[in-house]
Amino acid sequence: MRKIVSLAIVTLVVLFSGVAMAAAETAGAAGDSNTKAALAIAAGLAIAIGAFGAALGQGRMAAAAMESIGRNPNAADRIQLPMILGLAFIEALALYAFVIAFFLQGKI
0 MRKIVSLAIV
10 TLVVLFSGVA
20 MAAAETAGAA
30 GDSNTKAALA
40 IAAGLAIAIG
50 AFGAALGQGR
60 MAAAAMESIG
70 RNPNAADRIQ
80 LPMILGLAFI
90 EALALYAFVI
100 AFFLQGKI
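All letters in the sequence shown, in the order written, are residues 0 to 107 by numbering that gives the first Met the number 0.
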């Protein structure tokens, strides 16, 4: 079931990113309202999927870290630094999605 959901999400991202790239090329020439609508949808999906993935990753990482600290409290110092670094990298991916959505919104 997870593979099907992952495949569906990747397919939607590829589909809408292709539409957004095609729309970005023709936006200056045509100025079509359909093009602007596609860019708005792509921008919304970019931030939504980026935030959703980051939230899932952060939740799983925090749960795993808390479980491992609960099982072995002496290992808390060795778990905390990699957990914070991982959370920073995950949050960076969400910020990249926000930047992409911001750039797409600027083309509307």
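Every residue gets a Cβ at the ideal spot worked out from N, C-alpha and C, and that includes glycine.
Just so you know, these numbers come straight off a predicted model, no measurement behind them.
{"Item": "Applying the criterion that 16 or more other CB atoms from any shown protein chain within 10 Å of the CB defines a buried residue, is ALA96 buried or exposed?", "Value": "buried"}
{"Item": "Take LEU94 as the anchor and find which of LEU84, ILE83, SER32 and ALA53 has the nearest alpha-carbon.", "Value": "ALA53"}
{"Item": "So, at 7 Å on beta carbons, what are the nonlocal neighbours of GLY56 in its own chain, with the 5 sequence-adjacent residues on each side left out?", "Value": "ILE89"}
{"Item": "Are the region 30-47 and the region 73-87 touching, with three or more C-beta to C-beta distances below 8 Å?", "Value": "no"}
{"Item": "Are LEU103 and ALA45 closer than 8 Å when you measure CB to CB?", "Value": "yes"}
{"Item": "Going by DSSP in three states, MET60 sits in which element: helix, strand or coil?", "Value": "helix"}
{"Item": "If I'm right that MET82 touches ALA64 with Cβ under 8 Å, what's the distance once you round it to whole angstroms?", "Value": "4 Å"}
{"Item": "Measuring only the C-alpha atoms, how far is GLY69 from LEU92?", "Value": "28 Å"}
{"Item": "Suppose contacts are defined by Cβ-Cβ distances below 8 Å. Is MET60 in contact with LEU86 by that definition?", "Value": "yes"}
{"Item": "Among ALA42, ALA47 and LEU80, which one has its Cα closest to the Cα of PHE101?", "Value": "ALA42"}
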